[in-house]
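Residue numbers (my numbering): 10 to 194.
Contents: one structure, followed by commentary.
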Ligand code: SAH
């Protein structure tokens, strides 16, 4: 009994360490590196998502719920693109048409692709969402892709942990340069 409990605890710790390692790699490499990472290690995605869910479960609020709340305040006719959709909670929770993009399909709703290049026409969506998914060092390319698919006057919603930003003001300035106007922070 005791050795089984010890073993379970050690396995849990190893999984947590693997999650942190994968998470770090996603944030320090390009989105193309992320594609390669999950291709070369199929287990990595399951481990990543288990660890992700565990971590977010400990937070007082899951940002995806705030995004869902915000979306419900807008018209259901608006078309949404969810970049790095994970388990597609947004698509499952709103009446809007939601395009779900991720590297690996956790659900059948997911279109598998690198979010730096999504299979959508120019100016085809009203709202683009990055919920804890603004990963990859080629951020500019990814945000330009969101800009490309957004209709003129469309909305970009970003939820990230504060520690993700070395300098939030610099980020906001860079966003302005990309053509996004801050309406709510
Ligand atoms: N938005 C979801 C999941 C966040 S976890 C939620 O809030 O619950 C971050 C997600 O981004 C992961 O599912 C990861 O696979 C995805 N992701 C990371 N890099 C990506 C890329 N280059 N292209 C597509 N998805 C990516």
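The beta-carbon is built from N, C-alpha and C at its ideal position, and this holds for glycine as well.
Residue i versus residue j - alpha carbon distance
i: residue 166; j: residue 87; result: 14 angstroms
i: residue 113; j: residue 25; result: 20 angstroms
i: residue 141; j: residue 130; result: 24 angstroms
i: residue 118; j: residue 109; result: 7 angstroms
i: residue 66; j: residue 73; result: 12 angstroms
i: residue 171; j: residue 64; result: 15 angstroms
i: residue 57; j: residue 75; result: 22 angstroms
i: residue 132; j: residue 159; result: 5 angstroms
i: residue 111; j: residue 43; result: 11 angstroms
i: residue 161; j: residue 90; result: 15 angstroms
i: residue 93; j: residue 13; result: 36 angstroms
i: residue 120; j: residue 107; result: 11 angstroms
i: residue 173; j: residue 17; result: 31 angstroms
i: residue 81; j: residue 169; result: 20 angstroms
heavy atom of the ligand SAH below 8 angstroms from residue i C-beta
i: residue 151; result: yes
i: residue 40; result: yes
i: residue 73; result: yes
i: residue 80; result: no
i: residue 93; result: yes
i: residue 98; result: yes
i: residue 108; result: no
i: residue 28; result: no
i: residue 144; result: yes
i: residue 3; result: Residue 3 is absent from the model: the chain starts at 10 and stops at 194.
i: residue 174; result: no
i: residue 112; result: yes
i: residue 166; result: no
i: residue 161; result: no
### Task
Report the residue ranges of all alpha helix (DSSP H) runs contained in full by the stretch 81-163; include only those spanning at least 4 residues, in chain order.
98-102 and 148-158
### Task
Could you tell me which uninterrupted beta strand (DSSP E) segments, each at least 3 residues in length, are contained entirely in the stretch 51-80, listed from first to last along the chain?
none
### Query
Does the stretch 140-154 touch the stretch 48-57, meaning 3 or more C-beta pairs lie closer than 8 angstroms?
no
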